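Colleague:
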Ligand code: SF4
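In my numbering, the protein residues as written are 3 to 348.
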């Protein structure tokens with residue numbers, strides 16, 4: 003029998019587990035501490051639980067930590083980890099050290115349904131949602147786990163397309179019974195599924211990053227088909243109802259393509275679109291992917307674009323590119339050993 007993983011369970015779910023082996027509800031907090039704080043690797047390490055209960059737990063459950071299958075290390079120190087995924091597709095998480103910060107970019111799905119034309123993940127279809135255990139395993143099982151300072155849900159998949167698992171993962175990361183991180187250390191990046199975005203905004207305090215990439219609806223729809231279902235105007239209208247002036251941060255992701263979305267016409271349209279929204283822009287260098295004609299904007303053009311936004315009072319920065327040599331940079335995750343070869347064959 004396949005044993006069920008304990009990591010990924012919320013306090014409420016752990017209460018059901020402890021009840022099933024005859025323990026009182028407070029034992030759920032003890033288990034959560036062993037799983038998420040003391041990082042137990044076996045149920046037998048939970049020595050404040052009675053031996054008989056541990057034996058019963060061992061019959062049905064395991065801790066559920068699964069080490070990465072592989073790792074690739076970039077010249078810039080970024081490390082891309084490959085994990086067992088679902089539906090035949092592995093998934094990736096990217097560890098990004100940067101001075102005092104150590105960020106892990108986690109995946110929420112194996113593949114993605116959103117089909118963004120600039121994204122390796124999106125171009126290779128959808129194989130399934132990750133469980134909460136599979137999301138939390140990325141955080142707990144890498145060698146640098148204890149030194150992480152930030153988590154970004156920017157890996158493979160659209161987090162709001164797997165909302166329940168992502169919300170449970172955020173609970174485990176932020177609740178006092180779990181890892182007790184400040185929500186300010188967590189960012190969820192999304193294309194902006196409206197109903198799910200509202201839920202995320204209402205019940206968490208994590209930072210929000212929205213993939214924008216083009217202010218003109220018809221042009222955006224060509225590279226992000228999701229514009230037809232969730233127009234960026236509606237996303238911005240929803241965001242306008244929330245406070246991003248302190249505590250919680252809102253940023254827009256803007257990948258820059260040569261002669262596509264990098265002229266003054268676009269920066270001016272962005273300024274109009276954003277209006278008075280409290281936000282910042284991350285301008286992202288495009289990493290050429292197989293099978294796409296899109297090309298990156300030059301550094302000079304990106305700097306002019308950034309300056310133009312800044313002059314209109316919008317904080318804009320050019321995001322440093324990390325892990326390009328190991329296919330770990332933005333939009334390059336594929337969950338395959340050799341995604342370049344894979345793309346040529348398709
Ligand atoms: S950019 Fe994000 S939402 Fe779009 S296809 Fe890639 S993973 Fe999915």
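Cβ atoms here follow ideal geometry from the backbone N, Cα and C, with glycine treated the same way.
Remember, predicted model here, so these are calculated numbers, not experimental data.
1) For the region 256-319, which segments carrying the alpha helix (DSSP H) assignment without a break, of at least 4 residues, lie completely within its bounds, in sequence order?
2) Residue 103 bridges to which residues according to DSSP?
3) Assuming residue 32 is part of the alpha helix (DSSP H), what are its boundary residues?
4) Check whether the Cβ atoms of residue 330 and residue 323 sit closer than 8 Å, and answer yes or no.
5) Hey, residue 84 and residue 100: beta-carbon distance below 8 Å or not?
6) Measure the C-alpha to C-alpha separation of residue 16 and residue 55 and round it to an integer number of angstroms.
7) One question on the structure: do residue 118 and residue 225 come within less than 8 Å of each other, judged by their Cβ atoms?
8) Using the C-alpha atoms, what's the distance from residue 103 back to residue 277?
9) Can we count residue 117 as close to ligand 1, meaning its CB is less than 7 Å from some heavy atom?
10) With 16 as the cutoff for other CB atoms within 10 Å, does residue 28 come out buried or exposed?
11) Given a threshold of 16 other Cβ atoms within 10 Å of its Cβ, counted over all protein chains shown, does residue 253 qualify as buried or as exposed?
12) Report whether the distance from the Cβ of residue 160 to the nearest heavy atom of ligand 1 is below 7 Å.
13) For residue 313, count neighbouring C-beta atoms within 10 Å of its own C-beta (all shown protein chains included) and say buried if the count is 16 or more, exposed if not.
14) According to DSSP, is residue 7 helix, strand or coil?
15) Which two residues bound the contiguous alpha helix (DSSP H) that contains residue 433?
16) Would you say the beta carbon of residue 281 comes nearer than 7 Å to a heavy atom of ligand 3?
17) Taking 7 Å as the limit between beta carbons, can you name the residues of its chain near residue 6, skipping five residues before and five after?
18) Closer than 8 Å by C-beta to residue 209: which residues in its own chain qualify, once you throw out the five before and the five after it? Chain order, please.
19) Less than 7 Å separating the Cβ of residue 124 from some heavy atom of ligand 1?
20) Looking at ligand 1, does it come within less than 7 Å of residue 323, judged from the CB to the closest heavy atom?
21) Of the residues 270, 255 and 136, which one's Cα is nearest the Cα of residue 281?
Modeller: So, from the data block:
1) 266-276 and 301-313
2) Position 101 of the chain shown holds residue 103. BP columns for residue 103 point to 100.
3) Reading the chain shown from its first residue, position 30 is the one you call residue 32. Per DSSP, residue 32 belongs to the alpha helix (DSSP H) from 29-38.
4) To locate residue 330, count along the chain shown from 1; it is residue 328. To locate residue 323, count along the chain shown from 1; it is residue 321. The answer is no: Cβ separation not under 8 Å.
5) Along the chain shown, read from residue 1 onward, the residue named residue 84 stands at position 82. Along the chain shown, read from residue 1 onward, the residue named residue 100 stands at position 98. Cβ atoms of residue 84 and residue 100: not closer than 8 Å.
6) The sequence position of residue 16 within the chain shown is 14, counting from 1. The sequence position of residue 55 within the chain shown is 53, counting from 1. Looking at the two C-alpha atoms, the distance is approximately 13 Å.
7) Working through the chain shown from its first residue, we reach residue 118 at position 116. Working through the chain shown from its first residue, we reach residue 225 at position 223. Yes. Within cutoff.
8) Along the chain shown, one-based indexing puts residue 277 at 275. Along the chain shown, one-based indexing puts residue 103 at 101. Taking the straight line from one Cα to the other gives about 32 Å.
9) As a working note, residue 117 is residue 115 in the chain shown. Correct: residue 117 has its Cβ closer than 7 Å to ligand 1.
10) Locating residue 28 in the chain shown gives position 26, where the first residue counts as 1. With fewer than 16 Cβ atoms within 10 Å of its Cβ, residue 28 is classed as exposed.
11) Your numbering for residue 253 matches position 251 in the chain shown. Buried, because 16 or more other Cβ atoms sit within 10 Å of the Cβ of residue 253.
12) What you label residue 160 is simply residue 158 of the chain shown in a count that begins at 1. Answer for residue 160: yes, Cβ within range of ligand 1.
13) Stepping through the chain shown from its first residue, residue 313 is reached at position 311. Residue 313 is exposed by the Cβ-count criterion.
14) Within the chain shown, the letter at position 5 stands for residue 7. In the structure shown, residue 7 sits in a strand (DSSP, three-state: E or B).
15) With the chain covering only 3 through 348, there is no way to say anything about residue 433.
16) With respect to ligand 3, the structure offers nothing, as its ligand set consists of ligand 1.
17) Residue numbering aside, residue 6 sits at position 4 when the chain shown is read from its first letter. Result list for residue 6: 62 and 63, in chain order.
18) Taking the chain shown and counting its residues from 1, the one referred to as residue 209 is at position 207. Result list for residue 209: 185, 186, 188, 189, 190, 250, 251, 252 and 253, in chain order.
19) Against the chain shown, residue 124 aligns to sequence position 122. Within the cutoff, so yes.
20) Start at 1 with the first residue of the chain shown, and residue 323 comes out as number 321. For ligand 1, not one heavy atom lies less than 7 Å from the Cβ of residue 323.
21) For this step, residue 281 is matched to residue 279 along the chain shown. Per the Cα distances, 255.
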